[in-house]
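Residue numbers for the sequence shown follow the working numbering, so the first one is 1 and each next one is one higher. We put the CB at the ideal spot given by N, CA and C, even for glycine. Encoded as structure tokens, the structure appears first; notes follow it.
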Amino acid sequence: MPAAQPPESPDSSHPEAAARAKGRPRSAAADRAILDATRETLAELGWGGLTMGHVATRAKVAKTTLYRRWPSKNELVVDAVASLFDELEMPDLGSLRADIEAVVAQFADLLARPETQAALLALFAEGTRDPQLRRRIRESIVDPQKRLVRQGRAAAQARGELASDADHATACEEVDIIFDTIAGTVEHRVLVSGEPITPAWTRRFTDLLLGPLALA
1 MPAAQPPESP
11 DSSHPEAAAR
21 AKGRPRSAAA
31 DRAILDATRE
41 TLAELGWGGL
51 TMGHVATRAK
61 VAKTTLYRRW
71 PSKNELVVDA
81 VASLFDELEM
91 PDLGSLRADI
101 EAVVAQFADL
111 LARPETQAAL
121 LALFAEGTRD
131 PQLRRRIRES
141 IVDPQKRLVR
151 QGRAAAQARG
161 ELASDADHAT
171 ACEEVDIIFD
181 TIAGTVEHRV
191 LVSGEPITPA
201 WTRRFTDLLL
211 GPLALA
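Have a look at this one:
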């Protein structure tokens with residue numbers, strides 16, 4: 001009779017897999033509490049005043065729990081902001097104009113929230129002094145949100161409103177320019193100028209954005 005085989009153990013050549021097998025699974029509720037607490041603390045105390053201890057206390061978790069998930073304040077704050085932007089969605093309302101106006105309205109509503117303003121302004125200011133933080137902002141917040149432009153372009157191309165992409169490199173460049181134009185304009189108006197994003201302003205902005213494409 002063959003000898004009983006011992007239970008499989010995590011592959012020691014993959015320490016991350018072994019750690020997950022040994023430790024408790026991450027709690028989505030704890031993650032949400034931590035990210036919420038980070039934004040609230042940042043709004044109250046600013047970048048310089050925020051500490052991991054403040055966040056742990058507000059989120060009602062142990063500091064060890066916090067550090068297991070986010071080894072540094074930079075990573076924690078970036079993820080707290082990124083989770084806000086994950087709420088944005090590109091609708092498919094039947095026309096490129098309607099889609100642009102809808103996503104601009106979503107973005108404006110998000111930027112109008114005090115926690116978003118405090119977190120973004122703190123990140124922007126600190127990022128000018130910290131190249132690694134700036135890179136993390138780009139990789140975790142900016143680049144993922146370019147999906148909205150890609151989705152909107154794809155829907156417009158499927159409807160025949162936009163021509164198909166000539167080549168991948170050109171398409172990527174155009175996505176970058178469109179994203180920078182929309183995000184930069186809306187952020188400047190809300191965060192720098194302090195002006196509202198009204199339906200009339202959004203329509204005029206969309207006119208100017210679509211004008212070169214002769215789609216208005």
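For this session: Can you have a look at residue 115 and say buried or exposed, based on whether 16 or more other CB atoms are within 10 angstroms of its CB?
Result: The sequence position of residue 115 within the sequence shown is 115, counting from 1. Residue 115 should be labelled buried.
Exercise. Apart from the five residues just before and just after residue 151, which ones in its own chain have a Cβ nearer than 6 Å to its Cβ?
Worked result: Taking the first residue of the sequence shown as 1, we reach residue 151 at position 151. Result list for residue 151: 90, in chain order.
For this session: Enumerate in chain order the residues of its own chain whose CB-to-CB distance from residue 141 is below 7 Å, with the five nearest sequence positions on each side excluded.
Result: To locate residue 141, count along the sequence shown from 1; it is residue 141. Hits under 7 Å: 78, 81, 82, 85.
Exercise. Taking Cβ positions only, does residue 187 come closer than 8 Å to chain B?
Worked result: Absent here is chain B; the protein component of the structure consists of one chain.
Exercise. So, using beta-carbon positions, are residue 98 and residue 42 closer together than 8 Å?
Worked result: In the sequence shown, residue 98 corresponds to position 98, counting from 1. In the sequence shown, residue 42 corresponds to position 42, counting from 1. No; because the gap between Cβ atoms is not below 8 Å, this pair is not in contact.
For this session: Please classify residue 144: does DSSP put it in a helix, a strand, or coil?
Result: Here the question's residue 144 lines up with position 144 in the sequence shown. Annotated three-state conformation of residue 144 is helix, per DSSP.
For this session: For residue 31, name the three-state secondary structure that DSSP assigns.
Result: One-based indexing of the sequence shown puts residue 31 at position 31. DSSP places residue 31 within a helical segment (H, G or I) once states are collapsed to three.
For this session: With a 10 Å radius around its C-beta and 16 neighbouring C-beta atoms as the bar for buried, classify residue 208 as buried or exposed.
Result: On the sequence shown, residue 208 is found 208 positions in, with the first residue counted as 1. Answer is exposed; the Cβ neighbour count stays below 16.
For this session: Count the C-beta pairs between the stretch 43-50 and the stretch 121-139 that are closer than 8 Å, then say yes if the count reaches three, no if not.
Result: yes
Problem set entry | Whole-angstrom distance between residue 194 and residue 51, CA atom to CA atom | Position 51 of the sequence shown, counting from 1, holds the residue named residue 51. Position 194 of the sequence shown, counting from 1, holds the residue named residue 194. One C-alpha to the other measures close to 29 Å.
Problem set entry | Touching by the beta-carbon criterion (3+ pairs, under 8 Å), the stretch 149-165 and the stretch 174-183 | yes
Problem set entry | Span of the alpha helix (DSSP H), counted from its first residue to its last, around residue 123 | As a first step, residue 123 is located in the sequence shown; it is residue number 123 there, counting from the start. Note, residue 123: alpha helix (DSSP H), 114-127.
Problem set entry | Residue range of the alpha helix (DSSP H) that includes residue 89 | Position 89 of the sequence shown, counting from 1, holds the residue named residue 89. Unbroken run through residue 89: none, as it is neither H nor E.
For this session: Report yes if the CB atom of residue 55 is closer than 8 Å to the CB atom of residue 37, and no otherwise.
Result: To locate residue 55, count along the sequence shown from 1; it is residue 55. To locate residue 37, count along the sequence shown from 1; it is residue 37. Contact flag set, yes.
Problem set entry | Neighbourhood of residue 196 by C-beta, 7 Å cutoff - its chain only, sequence neighbours within 5 removed | The residue given as residue 196 occupies position 196 in the sequence shown. Result list for residue 196: empty, nothing under 7 Å.
Exercise. Whose CA, out of 75, 76, 72, 34, lies closest to the CA of residue 57?
Worked result: In the sequence shown, the residue the question calls residue 57 occupies position 57. Measuring from the Cα of residue 57, the nearest candidate turns out to be 34.
Exercise. Should residue 155 go down as buried or exposed, given a rule of 16 or more other Cβ atoms within 10 Å for buried?
Worked result: On the sequence shown, position 155 is the one that residue 155 refers to. Label assigned to residue 155: buried.
For this session: Kindly indicate the opening and closing residues of the alpha helix (DSSP H) around residue 212.
Result: The count along the sequence shown starts at 1 and reaches residue 212 at position 212. Segment: none, residue 212 is in no alpha helix (DSSP H) and carries neither H nor E.
For this session: Could you tell me which of 160, 143, 165 sits nearest to residue 219, measuring between CA atoms?
Result: Only positions 1 to 216 of the chain appear in this structure, which leaves residue 219 out of reach.
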